[in-house]
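Note that the working numbering has the sequence shown beginning at 11, numbered continuously upward. Every residue, glycine too, gets a C-beta built ideally from N, C-alpha and C.
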Amino acid sequence: MPRCFWCTDDPLYIAYHDQEWGVPLRDPQRLFELLLLEGFQAGLSWITVLKKRARYREVLFGFDVQRLAQMSDAEIDERLQDPGIIRNRLKLRAARQNARAWLQLEDPVALLWSFVGGQPQVNHFRQRSEIPTQTEQAVAMSKALKKAGFTFVGPTICYAYMQAAGMVMDHTTDCDRYAALVSA
């Protein structure tokens with residue numbers, strides 16, 4: 011099956027590409043988890059985060075927003091000793107801060123999807139060089155999230171988030187998932 015250029019032969023990556031990436035996501039819990047994971051990726055490869063996702067779910071209370079918002083400094087310090095996650099104090103503090111900011115939003119799902127008018131934006135890119143690393147919508151999302159108190163939500167992170175959550179569909183036209191998602 012033809013896949014996007016970035017998908018390696020790693021079974022975890024293949025499953026992510028084939029079943030998750032670019033599929034419109036509207037579940038608030040999963041959108042929150044994905045936003046944090048995209049922040050954890052900053053400066054790293056996505057496969058690194060994917061390989062640690064299960065452990066993150068364990069140590070970060072299943073990405074329970076309420077519980078994460080209450081995470082203490084001592085709990086953050088404890089997690090910094092866990093080799094199963096990316097041990098970065100700023101990113102773990104950002105997870106707590108972003109949980110607190112998420113809880114202040116009236117309707118996080120509506121806010122996030124508002125940057126694409128509530129519907130997936132389907133792109134028709136043929137090759138890697140056509141795919142942007144950020145867009146005006148991602149810049150606007152970044153500004154809105156930062157204003158609401160979020161961190162690790164720069165425009166590039168926001169665009170990667172929009173791609174992953176299916177807000178924008180950037181499977182290349184030669185990818186098998188492109189046809190499946192365009193016709194969905």
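- Counted as a single uninterrupted DSSP element, the stretch harbouring Gln144 is not any alpha helix (DSSP H), since DSSP gives it neither H nor E.
- Here DSSP, grouped into helix, strand and coil, assigns Met151 to helix.
- Approximately 5 Å separates the beta-carbon atoms of Val33 and Gly176; this is inside 8 Å, confirming the contact.
- Distance between Val192 and Lys61, taken at the CA atoms: about 28 Å.
- Boundaries cannot be given for Trp31, as no alpha helix (DSSP H) includes it and DSSP labels it neither H nor E.
- With distances taken between CA atoms, Asp83 lies nearest to Ala104 out of Tyr66, Gln129, Gly164 and Ala104.
- Ala111 is classed as buried because its beta carbon has at least 16 other beta carbons within 10 Å across all chains shown.
- Around the beta-carbon of Gly49, 16 or more other beta-carbon atoms lie within 10 Å, marking it buried.
- Taken through DSSP and simplified to helix, strand or coil, Gln80 comes out as coil.
- The continuous stretches of alpha helix (DSSP H) do not include Thr182, and DSSP gives it neither H nor E.
- In the DSSP assignment, Cys168 falls within the alpha helix (DSSP H) that extends over Pro165 to Ala174.
- Here the alpha carbons of Lys101 and Leu46 stand approximately 9 Å from one another.
- The continuous stretches of alpha helix (DSSP H) do not include Asn98, and DSSP gives it neither H nor E.
- Leaving aside the five residues that flank His27 on each side, the residues in its chain whose CB is nearer than 6 Å to its CB run, in chain order, Arg13 and Cys17.
- Remark: C-beta atoms of Val126 and Val178 approach each other more closely than 8 Å.
- As computed with DSSP, Val132 is found in a beta bridge with Met179.
- In the three-state scheme derived from DSSP, where H, G and I count as helix and E and B as strand, Gly49 is classed as helix.
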